[in-house]
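Asker: Please read through the structure below; I'll follow up with questions.
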Amino acid sequence: MTLFVDAYQLAVSDNVYKIGWDEDQFTAHLCGYLNQLKVKGQWFVSPQQPYYTENHYSGIEHASVAPRPDIRFEKYIWQNESPFEFTIEAKNLKSNDSHLKARYIDTGIENFRNKRYPDGCLAGYVIQGTADECATAINSLLRKRKRASEGLIKTNFIRGFESSYLSTHISGNAPMSLRHIFLEFYIN
1 MTLFVDAYQL AVSDNVYKIG WDEDQFTAHL CGYLNQLKVK GQWFVSPQQP
51 YYTENHYSGI EHASVAPRPD IRFEKYIWQN ESPFEFTIEA KNLKSNDSHL
101 KARYIDTGIE NFRNKRYPDG CLAGYVIQGT ADECATAINS LLRKRKRASE
151 GLIKTNFIRG FESSYLSTHI SGNAPMSLRH IFLEFYIN
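Printed below as a string of structure tokens:
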């Protein structure tokens, strides 16, 4: 996540993005910076790579319906061990846009909660309002849906980066924590 935030900070300082971009355009833009930074951390970074499960490998499910989180990070730590994998699913956010907030919950939070996506976090590309305003608006929608206990709580799990949040959900029968990073591309 630190590498992702570093890429964001470079993007903001270069200021060549456009507020009208959709989430795929923001993701591609950030991947350009990630490609510059990945050597530093020896990461493999791939955008929208399919996440195949045993059902896809065995032909039970068609490969075309495999989930495709926005960014996948992979790092081999020891020669004979499985790689460390981490995914980021990104969504555009506006503090006053109900559709985008609902989409953040329905295709963001839910894809992690129901284990459609492997371990990872959500990224909100804030293109109107502030990170805190967007978090408050998402929490309001969660309350309306009778899911107040799943609200986003501001935390500092990335040193030096203020716009990070944590939420708790039930996945299967077990509690799970989900991390959220809000990247402000526009501030009121």
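With the numbering used here, the residue at position 14 of the sequence shown is 14, and numbering never jumps. All C-beta atoms, glycine included, are put in the ideal place defined by N, C-alpha and C.
Taking the straight line between their C-alpha atoms, what separation do you get for Lys-144 and Glu-162?
Answerer: Whole-angstrom Cα-Cα distance: 27 angstroms.
Asker: Could you give the first and the last residue of the continuous beta strand (DSSP E) run that contains Thr-155?
Answerer: Its beta strand (DSSP E) spans residues 153-155.
Asker: Identify every residue that forms a DSSP beta bridge with Ala-131.
Answerer: Paired residue(s): none; Ala-131 is not in a bridge.
Asker: Give me the residue from Thr-136, Phe-185, Tyr-52 with the minimum Cα distance to Gln-128.
Answerer: Closest by alpha carbon: Phe-185.
Asker: When you compare only the Cα positions, how much space is there between Phe-157 and Asp-119?
Answerer: Whole-angstrom Cα-Cα distance: 16 angstroms.
Asker: Looking at C-beta atoms only, is the number of pairs between the region 92-107 and the region 129-144 that lie closer than 8 angstroms three or more?
Answerer: Short answer: they touch.
Asker: How big is the Cα-Cα spacing for Arg-116 and Lys-18?
Answerer: Spanning the two alpha carbons is a distance of roughly 31 angstroms.
Asker: Leu-34: which of Ile-153, Ile-60, Arg-72, Asn-55 sits nearest, CA to CA?
Answerer: Of the candidates Ile-153, Ile-60, Arg-72, Asn-55, the one whose C-alpha sits nearest the C-alpha of Leu-34 is Arg-72.
Asker: In terms of residues, what are the limits of the beta strand (DSSP E) holding Ala-102?
Answerer: Per DSSP, Ala-102 belongs to no beta strand (DSSP E); it is in the alpha helix (DSSP H), 98-104.
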